[in-house]
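*Asks:* First residue of the sequence shown: 1, per UniProt numbering; consecutive thereafter. No residue lacks a Cβ here, since even glycine has one placed at the ideal position from N, Cα and C.
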Amino acid sequence: MRSTAAVLSLLAATLAAAAPPPKGGPTPDPYEAIHQASYLLASLLDTKQYSRLGEAMTDDIVYDSRPLGAYGGLSNGLAETTKNIAAAFGDALNEHQVGNALIKFNNREATSANVSTYLTWTRWDPENLHDITKTFRIFERCDDLFVVDPKDGRWKLKYSLVVNQGPQVEAPYFPRDGKKHDGDKHDGHEHDGDNHDGDKNDGDNDDGDYHDGEQQDGGCDGEQQNGDKTDGDKHDGGKDDGGCDE
Numbered sequence: 001m002r003s004t005a006a007v008l009s010l011l012a013a014t015l016a017a018a019a020p021p022p023k024g025g026p027t028p029d030p031y032e033a034i035h036q037a038s039y040l041l042a043s044l045l046d047t048k049q050y051s052r053l054g055e056a057m058t059d060d061i062v063y064d065s066r067p068l069g070a071y072g073g074l075s076n077g078l079a080e081t082t083k084n085i086a087a088a089f090g091d092a093l094n095e096h097q098v099g100n101a102l103i104k105f106n107n108r109e110a111t112s113a114n115v116s117t118y119l120t121w122t123r124w125d126p127e128n129l130h131d132i133t134k135t136f137r138i139f140e141r142c143d144d145l146f147v148v149d150p151k152d153g154r155w156k157l158k159y160s161l162v163v164n165q166g167p168q169v170e171a172p173y174f175p176r177d178g179k180k181h182d183g184d185k186h187d188g189h190e191h192d193g194d195n196h197d198g199d200k201n202d203g204d205n206d207d208g209d210y211h212d213g214e215q216q217d218g219g220c221d222g223e224q225q226n227g228d229k230t231d232g233d234k235h236d237g238g239k240d241d242g243g244c245d246e
């Protein structure tokens, strides 16, 4: 009798842990359910859907990113965590790239698990791209506790300790010329293959001067170029040093 009750209890807990999402669909196994919970949290943060954080965090969440120094802090409870996250993100753009996750379940029912997640957090402030306090990248390891919330059967983050895997916060690289570089288009000139500054370099083409099969060694060997035709320009004994020191 006791054995039967234990089995039924285990089955009920397992079904609760694997409860389908509210809108229906296939039921993921506990490992994938935790992965999906992590991805959901990242998506809600990056899209700033703060009112939905309760779908990915428990009401008693403890979020501890104090190891990040000035870039982190301690938050207790869903309300405080939501408030602090919103203040930290502000008007900046954010992206959390969720990588590997090591999962270790804490009970046979698979309703609680310690999860070490490796992710990259990047914050961009479009008006302050060269201020490392406002535009930065951190390679994080999050030592988390995920649990199945009895309220709705969802896997949610209950505790998180965030540390920086690198020696310090990194600054994303952006040009300092004040000009926008978009894809392969730079300063109004399209760089496609060998195209540079509007002059198409095809094979031996360079700055609009067509070298007709002649090998240009820059004149570094002390040789003179006599009568070599370079697109109508005749070099009579003129040394093309190409920046070489005599």
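Would you decide whether Thr111 is buried or exposed? Buried here means 16 or more other CB atoms lie within 10 Å of its CB.
*Replies:* buried
*Asks:* Hey, would you say Phe89 sits closer than 9 angstroms to Lys134, going by beta carbons?
*Replies:* no
*Asks:* CB-CB under 6 angstroms to Leu161, same chain, minus the five flanking residues each way: which ones, in chain order?
*Replies:* Result list for Leu161: Asp64, Asp143, in chain order.
*Asks:* Quick one, are the C-beta atoms of Arg141 and Trp121 less than 9 angstroms apart?
*Replies:* no
*Asks:* Measuring CB atoms only, is the segment 143-158 touching the segment 49-69, in the sense that at least three cross pairs come out at less than 8 angstroms?
*Replies:* Enough Cβ pairs lie closer than 8 angstroms, so yes.
*Asks:* Keeping to the same chain, check which residues put their C-beta closer than 6 angstroms to that of Val163; ignore five residues upstream and five downstream.
*Replies:* Pro67, Arg141
*Asks:* Mind pulling the alpha helix (DSSP H) runs of 4 or more residues that sit fully within the UniProt domain "SnoaL-like" (31-158)?
*Replies:* 78-89
*Asks:* Roughly how many angstroms lie between the CA atoms of Thr82 and Ser116, to the nearest whole one?
*Replies:* Going by the C-alpha atoms only, they are around 22 angstroms apart.
*Asks:* Per DSSP, which residues does Val162 bridge with? Please list them.
*Replies:* Cys142
*Asks:* Can we say the segment 122-129 touches the segment 33-53, given the rule of at least three CB pairs closer than 8 angstroms?
*Replies:* Because the criterion of three Cβ pairs below 8 angstroms is not met, the segment 122-129 and the segment 33-53 do not touch.
*Asks:* Out of Ile132, Ala101, Arg108, which has the shortest C-alpha to C-alpha gap to residue 285?
*Replies:* Given a span of 1 to 246 for the chain in the structure shown, any question on residue 285 remains unanswerable.
*Asks:* Once you ignore the five residues that flank Asp105 on each side, which residues in its own chain have a CB closer than 6 angstroms to its CB?
*Replies:* According to the sequence displayed, residue 105 carries Phe and not Asp. Around Phe105, the same chain offers Ala113 as residues with beta carbons nearer than 6 angstroms, after the five sequence neighbours per side are excluded.
*Asks:* Measuring alpha carbon to alpha carbon, tell me which residue in Glu95, Trp155, Arg52, Pro30 is nearest Leu78.
*Replies:* If we check each option's Cα against that of Leu78, Arg52 comes out closest.
*Asks:* Excluding sequence positions up to five away, which residues of its chain have a Cβ less than 7 angstroms from the Cβ of Gly73?
*Replies:* Ser65, Arg66, Asn84
*Asks:* Let's test the definition: count the other Cβ atoms within 10 Å of the Cβ of Pro30 and tell me whether it reaches 16, buried, or not, exposed.
*Replies:* Its Cβ being crowded by 16 or more others within 10 Å, Pro30 is buried.
*Asks:* Within 10 Å of its beta-carbon, does Ala70 have 16 or more other beta-carbons around it, so buried, or fewer, so exposed?
*Replies:* exposed
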